[in-house]
Amino acid sequence: MSERNITTIHSTSRSTNSLWVTLLVFLLIQTLTTGLAQAADEYRTVSVADPYLELRTGPAVGYPIFHVIDRGEPVDIIKRRTDWFLVRGLDGKEGWVDRGQMERTLQTGGQEIEFAQANQQDFTDSRWELGLMTGDFGGANVISLYTGYSLNPNVSIEAWGSQILGNFSNGWMASVNVVHETWPDWRISPFFTLGAGIIHTEPKPTIIQGEDRTDEVAHAGIGLRVYATRRFILRAEFKSYVVFTSRDDNEEVEEWKVGFAFFF
Amino acid sequence: MESRFRLLFLVLPLFTLGLSGCAATKNLFGWGEEEAPPPAEIPEGQVIEPQVERRKIKEPKIDSEDFEIGAFAGIMSIEDFGSNLVYGVKLAYHVTEGFFVEGSVGRTEGGLTSFEVLSGGAPLLTDSERELTYYNLNVGYNILPGEGFIGEGRAYNTAFYVIAGLGSTSFAGDDRFTVNFGAGYRFLVTDSIALHIDFRDHLFDIDLLGQEKTAHNLEGTLGVSVFF
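Protein chains in written order, with the numbering used here: chain A, 1 to 264; chain B, 1001 to 1228.
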């Protein structure tokens, strides 16, 4: 298994002269060197409390168990990926252990150990949320990115940016809204929302003669937040918009969206 | 990972408060070191050791590598406009051992259509309209995780994944709603560095050549990524 630790990095040659690619490569090297610097740090050591600790060759349930470490022996925790931990035994063998087994190891002082794991309680109590949604905005496609901040478990404020891609016009919308959840501790938590913002519309010149315009919008909506797993949320919502146009009539637009989000 | 996010979003308010050095701030936000209760003194002459209740400790100080950043380059064919070099960057977050979400941006350029070449007339698009830029947001699943072997003594973790998502493509003077799907193969050279082979189909509607149609734009790329 020690072959896994070979850190020969083959340089990749790529003939792109763009500045931002160069920047990215720089960032990659930066990340790499940080990773190597971290490798020099001391690892957290725990001792096995179960009869034995099973080491797999990869971070998923399908990988074979190739080695076991007996009760009482110390292991170094090198890194974590999703719910899997890369550990190293006294003999230098490295393998992946699932979180369930790691929770049954002990610290050097003999204390039990608990690994950070988001759960449904965090879904209710978390402060920040970042999500992506897509759907239909009055017949056009819409792609939205939002971030939310909870003032308390029931009330949060959100900021949204959306790109609207339609047959006759394209545009973008920016808005802020207040969200109220009546039962924030439910796994499927309904909410309603009120907000306001601005919408910018660019009619496609090949189809419609028209000018770009920016209008104010207000909206009301209802939706559902569903706790999926770890820090992952599924979300669906309906919003009704009123666009305050400079013409005589205001425009009403209905929007349906589905998407996912993370809380932290 | 949690600590990473906390750091990101709490550094600013901390500075605003101007209390970064104050012990009260630690308790206010609740991430100060847990104070160990003083050990109970064992009275002299006691024979039986008292049962000490073990204290659970939350363990945040482990390097968590759920994010993956990478760059890729390859060939992308734009329907009717020929094939050209495509390059881009991507960022992924691994939610579970199976699922991951990914965002990527890429850029390529369209060539001349057969019509433009044969007729020899005025070009359909300006040079800047021929530039294609896309972004997309995808969900992927490691459908076949496994291992690849080189010779007798080397084993590398690999995964064949399927991926699909949507985004926007800017091409021929318009932003177009784009659906993409495909599959890829991830080869982990070390536990943190991966090589990728990716094939995608990007679908968008275009009516440039007279009638509206859904264009299939195939892309094949090679990439490298780093987990952090």
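By construction, the Cβ of each residue, glycine as well, lies at the ideal position given by its N, Cα and C atoms.
Proximity to residue i [Cα-Cα], best of the options
i, options, result
"Glu1147(B)", "Asp1191(B), Tyr1087(B) and Tyr1134(B)", "Asp1191(B)"
"Leu132(A)", "Thr1108(B), His1202(B) and Gly1165(B)", "Gly1165(B)"
"Glu216(A)", "Ser175(A), Ser189(A) and Gln117(A)", "Ser175(A)"
"Val243(A)", "Arg71(A), Ile198(A) and Leu151(A)", "Ile198(A)"
"Ile1193(B)", "Phe1067(B), Ser1170(B) and Leu1124(B)", "Phe1067(B)"
"Ala236(A)", "Ser246(A), Glu255(A) and Gln121(A)", "Glu255(A)"
"Met173(A)", "Asn167(A), Phe192(A), Phe137(A) and Thr182(A)", "Phe137(A)"
"Leu90(A)", "Leu130(A), Tyr43(A), Gln120(A) and Val61(A)", "Tyr43(A)"
"Gly109(A)", "Leu234(A), Thr45(A), Ile69(A) and Ser189(A)", "Thr45(A)"
"Arg225(A)", "Asn250(A), Asp248(A) and Asn154(A)", "Asn154(A)"
"Thr201(A)", "Val61(A), Asn167(A) and Ile113(A)", "Asn167(A)"
"Gly148(A)", "Ala140(A), Glu251(A) and Phe123(A)", "Phe123(A)"
"Thr193(A)", "Gln111(A), Pro184(A) and His180(A)", "His180(A)"
"Ser246(A)", "Leu234(A), Thr214(A), Ile222(A) and Val253(A)", "Thr214(A)"
7 angstroms Cβ cutoff met for residue i and residue j
i, j, result
"Gly1167(B)", "Leu1137(B)", "yes"
"Leu86(A)", "Trp96(A)", "yes"
"Val1226(B)", "Ile1069(B)", "yes"
"Thr1221(B)", "Asp1198(B)", "yes"
"Arg1186(B)", "Ala1159(B)", "yes"
"Ala196(A)", "Ala218(A)", "yes"
"His1094(B)", "Thr82(A)", "yes"
"Glu1219(B)", "Arg1200(B)", "yes"
"Ile65(A)", "Glu73(A)", "no"
"Glu1129(B)", "Asn1217(B)", "no"
"Gly1161(B)", "Gly1184(B)", "A small fix is needed here, since residue 1161(B) is Tyr in this sequence, not Gly. Yes, they are a contact pair."
"Lys257(A)", "Gly135(A)", "yes"
"Lys1090(B)", "Glu1102(B)", "yes"
"Arg80(A)", "Val48(A)", "no"
"Val1086(B)", "Gly1111(B)", "no"
"Ser144(A)", "Trp160(A)", "yes"
"Val142(A)", "Ser126(A)", "no"
"Leu1188(B)", "Asn1157(B)", "yes"
"Glu1131(B)", "Pro1123(B)", "no"
Rounded Cβ spacing between residue i and residue j (contact assumed at less than 8 angstroms)
i, j, result
"His1071(B)", "Gly1173(B)", "Contrary to the premise, residue 1071(B) reads as Ala rather than His in this sequence. The Cβ separation is near 28 angstroms, so there is no contact."
"Arg56(A)", "Val75(A)", "Arg56(A) to Val75(A), Cβ: 14 angstroms. No contact."
"Asp1175(B)", "Asn170(A)", "5 angstroms"
"Phe1228(B)", "Glu1065(B)", "6 angstroms"
"Trp128(A)", "Phe263(A)", "7 angstroms"
"Val178(A)", "Ile157(A)", "6 angstroms"
"Gly58(A)", "Pro1145(B)", "6 angstroms"
"Ser1083(B)", "Thr1133(B)", "Actually they do not touch by this definition, with Cβ atoms about 17 angstroms apart."
"Phe232(A)", "Phe260(A)", "7 angstroms"
"Ile77(A)", "Ile1062(B)", "5 angstroms"
Short CB-CB distance (under 7 angstroms) between residue i and chain B
i, result
"Glu255(A)", "no"
"Gly58(A)", "yes"
"Asn177(A)", "no"
"Asn119(A)", "no"
"Leu55(A)", "no"
"Arg187(A)", "no"
"Arg80(A)", "yes"
"Asn152(A)", "no"
"Ala40(A)", "In this prediction, Ala40(A) has a pLDDT of 47, which is less than 50 and means its spatial position is unreliable; what the coordinates show is noted afterwards. So, not an interface residue."
"Thr105(A)", "no"
"Thr134(A)", "yes"
"Phe168(A)", "no"
"Leu224(A)", "no"
7 angstroms Cβ cutoff, residue i in contact with chain A
i, result
"Val1095(B)", "yes"
"Glu1065(B)", "yes"
"Leu1132(B)", "no"
"Leu1137(B)", "yes"
"Asp1175(B)", "yes"
"Leu1091(B)", "no"
"Pro1145(B)", "yes"
"Asn957(B)", "This structure gives no information on residue 957(B), because the portion of chain B shown stretches from 1001 to 1228."
"Lys1213(B)", "no"
"Gly1210(B)", "no"
"Ile1197(B)", "no"
"Leu1203(B)", "no"
"Gly1165(B)", "no"
"Ser1168(B)", "yes"
"Cys1022(B)", "Annotation note: pLDDT 40 at Cys1022(B) (below 50); position unreliable, coordinate value reported separately. It does not; no Cβ of chain A falls within 7 angstroms."
"Asn1084(B)", "no"
"Asn1180(B)", "no"
Residues sharing a beta bridge with residue i, DSSP
i, result
"Ile1075(B)", "Leu1085(B) and Gly1220(B)"
"Thr1178(B)", "Gly1167(B)"
"Gln121(A)", "According to DSSP, which records beta bridges pairwise, Gln121(A) is partnered with nothing at all."
"Val178(A)", "Ile157(A) and Leu194(A)"
"Met173(A)", "Ser162(A) and Ile199(A)"
"Ile1062(B)", "Paired residues: none, contrary to the question."
Proximity test, Cβ basis, 7 angstroms: residue i and chain C
i, result
"Gln101(A)", "Among the chains of the structure shown, chain C does not appear; the protein chains present are A and B."
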